[in-house]
Amino acid sequence: ENINLDISMRPRHKRKRGRKKFLAGVQQKTAVKEAIIFLVRFNLFSIPLYAAILTGFQWGFLMDITSNIVVALLSSTGIETTRHGNIIAVPVKDGNFGAFVSWDSTGWKSMLAMFALIFATAFPLRKKLMGLALIPVVYAVNILRIWFMFFISTVDTNYFALAHLTIWSWGLIFTVLALWVLWMKKL
């Protein structure tokens, strides 16, 4: 018995299925390759973040600006504040509640992560440069995060830890990812 494996001899519906499987396999391999390239680029663009963490780099100027903006925002929303360096205090039921605006409080990791996410993509440079306009948005959300934590502390200082460690830590990560996806899809 002679079996001819020539694809042109197979029925038309089986040929289409074979092509679809082949194209699906090629698309899957391309997607995996693109994902690997993205991850390599993301890690390369994250080198400044890794370097700052490893060296203990801190930019006091950004800490001071962040503190100034938060104090101005608190004052403009009717919350009395005092500031000593980068320690901000607000009145609470039994006295004052204060917190230190640290280097990590400035949102620098989120801003660098946003930069790395944008530049790790395969989009044209022009779109990437336009995406950099989202970094100040990340900073503004971080300022609102700090304001909210002081605001919630005036209600009850026990809420500060919950707001700081849970809600806003994850909230800032979500914000960065949501802005990045929005930028990729719409902007």
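Letter by letter, the sequence shown follows residues 71 to 257 in our numbering. The beta carbon of each residue, even a glycine, is placed where N, CA and C say it ideally should be. Just so you know, these numbers come straight off a predicted model, no measurement behind them.
Leu199 places its beta carbon 8 Å or farther from that of Trp253.
Within a 10 Å sphere around the beta-carbon of Gly177 sit 16 or more other beta-carbons, which makes this residue buried.
Of Leu249, Leu214 and Ile243, the smallest CA-CA separation from Ser146 is found for Leu214. Under DSSP, the beta-bridge partners assigned to Phe167 are Val160. Straight-line spacing of the CA atoms in Lys256 and Phe193 works out to 13 Å. Rounded to whole angstroms, the separation of the alpha carbons of Leu119 and Ser172 is 16 Å.
In the three-state reduction of the DSSP assignment, Thr191 falls in the coil class, being assigned neither a helical nor a strand state.
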